[in-house]
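J.: Can you read through this structure? Questions will come right after.
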Amino acid sequence: MTGRAVFLGLLLICVAADAEKEPGLMIKPSCYDMAEIPACPMNFAPVCGSDGNTYANECALCVQRQVTKMDIMIVKEGTC
């Protein structure tokens, strides 16, 4: 009985840890205080934009939002 409870507990933890976000849920990027176009860091942390493009990082997405005046959101972390 105890073994079964431990197994079910571990299974529940694995399922909860592997759960993905709801489809269609987008994240607003942190583009605070961007009065002018900044120099973005060179780190590679790709994000998928709601325009279907992959950006090198969130800052690059923010620059594109500012240049195009489009409300591009983050669909997911990683490539599109």
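As numbered in mature numbering (1 follows the signal peptide of the UniProt record, and there is no 0), residues -19 to -1, 1 to 61 make up the sequence shown, in order.
Think of the CB as a built atom: it goes at the ideal place given N, C-alpha and C, for glycine as much as any other residue.
Everything numeric in this text was worked out from a predicted model, so none of it was measured.
Hey, quick one: how far does the beta strand (DSSP E) through Cys29 stretch, first residue to last?
T.: It spans 28 to 30 - the beta strand (DSSP E) in which Cys29 sits, taken as one unbroken run.
J.: Nearest CA to the CA of Ser31: which residue from Leu6, Met54, Thr60?
T.: Out of Leu6, Met54, Thr60, Met54 has the C-alpha closest to the C-alpha of Ser31.
J.: Can the beta-carbon of Pro27 be found closer than 8 Å to that of Gly59?
T.: A contact, by the Cβ cut-off of 8 Å.
J.: I'd like the list of long-range same chain contacts for Asn38, defined as Cβ closer than 8 Å, with 5 residues on each side in sequence excluded.
T.: Correct list, in chain order: Cys21, Pro22, Asn24, Phe25, Ala26, Pro27, Val28.
J.: Assuming contact is defined by CB atoms lying nearer than 8 Å, are Val56 and Met7 in contact in what I supplied?
T.: Yes. Within cutoff.
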